[in-house]
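Per mature numbering (1 follows the signal peptide of the UniProt record, and there is no 0): the sequence shown = residues -27 to -1, 1 to 213. We put the beta carbon where it would ideally sit given N, CA and C, even for glycine. In this text the structure is predicted, and so the values were computed from the model without any measurement.
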Amino acid sequence: MIRPFRTFLACAPLLAATSFLPATAHAADTLGEALARLAPSADPKVIDLAVQASECAQTQSGTPSDRLAVIDYSKPSSQPRLWVFDVVRRKLLFQELVAHGKNSGDATATRFSNAPESLASSLGLFRTADPYMGKNGYSLRMTGLEPGTNDQALARAIVIHGAAYVNEAMARMAGRIGRSWGCPAVRTAVAHKLIDTLKGGQMVFSYYPDKRWLASSPYLKCTSSQLAKAEARVATRPGT
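Put into structure tokens, the structure is as follows:
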């Protein structure tokens, strides 16, 4: 019995070391890779673009953000297509259904606009402002950061709010949820908590594979060194 026990002792340091390898590999992930792992139903390329845009905006403005919401309008409204992340602690906070504007499409959004009264959703990067009580209840204003793409968001009252027409039962029965006047509306049951998570200068990234927008967005053009500096700042903030 002594010989096997000695063999076990000799192997123990190796077993202990190898048990930490997966965690070490994950710790070395980029922020985009880490967030994509937390949300396997999301497109990793969309998550990566959202991280790039958010970090680019923070580099240019010097204003940090701890939360990132990603909306993938290329997915049908019957599927969860809104993810909210804590980018400092690298946690998934919400995975939700979200509505698009009635003039953006039926079950799937295909048309987007920045124009007043268009009743369509807007693409691009937004920064949240403060919540308020409006005709749709507790709501969250957003400032569109991309000229010509979403910079009319405040004037158009494009806000995050709860809506009864955003619900799983309707998604199952009709193959889609209800549509808004352009707002990214969410379930009423989760709206208040989600809004409080995103209020006060957090980032919201709305995606669709629109070639013109992808080629022109100022926040998808940061250099690798700029993005590396932004991610380094996130890594050194409390909670990581």
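Coil, strand or helix - residue i by DSSP
{"i": "Thr101", "result": "strand"}
{"i": "Ala42", "result": "strand"}
{"i": "Ser14", "result": "coil"}
{"i": "Asp183", "result": "coil"}
{"i": "Val132", "result": "strand"}
{"i": "Thr36", "result": "coil"}
{"i": "Ser190", "result": "coil"}
{"i": "Ala7", "result": "helix"}
{"i": "Leu113", "result": "strand"}
{"i": "Ser94", "result": "coil"}
{"i": "Gln31", "result": "helix"}
{"i": "Ala125", "result": "Before going further, note that residue 125 is Gln rather than Ala in the sequence given. Three-state result, Gln125: coil."}
{"i": "Phe67", "result": "strand"}
{"i": "Ala82", "result": "strand"}
{"i": "Thr(-4)", "result": "With a pLDDT of only 42 at Thr(-4), under 50, the local geometry of the prediction cannot be trusted, and the value read off the model is given with reservation. Reduced to three states, the DSSP call for Thr(-4) is helix."}
Best match in the options for proximity to residue i [C-alpha to C-alpha]
{"i": "Trp154", "options": "Phe99, Glu90 and Arg185", "result": "Glu90"}
{"i": "Ala83", "options": "Lys184, Val60 and Ser190", "result": "Reading off the sequence, residue 83 comes out as Thr, not Ala. Among Lys184, Val60 and Ser190, the Cα nearest to that of Thr83 is on Lys184."}
{"i": "Glu119", "options": "Gln68, Leu4 and Ser95", "result": "Ser95"}
{"i": "Pro28", "options": "Val177, Thr122, Gly148 and Thr170", "result": "Strictly speaking, residue 28 in this sequence is Glu, with Pro absent from that position. Minimum Cα distance to Glu28 is reached at Val177."}
{"i": "Ala102", "options": "Leu92, Gly121, Ile131 and Thr122", "result": "Ile131"}
Chain C within 8 Å of residue i, Cβ atoms only
{"i": "Trp186", "result": "Among the chains in the structure shown there is no chain C, since it carries only a single protein chain."}
Endpoints, alpha helix (DSSP H) assigned at residue i
{"i": "Asp59", "result": "Careful: Asp59 lies outside any alpha helix (DSSP H), inside the beta strand (DSSP E) at Leu55 to Asp59."}
{"i": "Glu141", "result": "Glu141 to Ala147"}
{"i": "Leu167", "result": "Thr161 to Leu171"}
For the region 137 to 149 against the region 2 to 14, are there 3 or more C-beta pairs whose distance is under 8 Å?
no
Is it true that the region 107 to 127 meets the region 155 to 173, where meeting means three or more beta-carbon pairs spaced less than 8 Å apart?
yes
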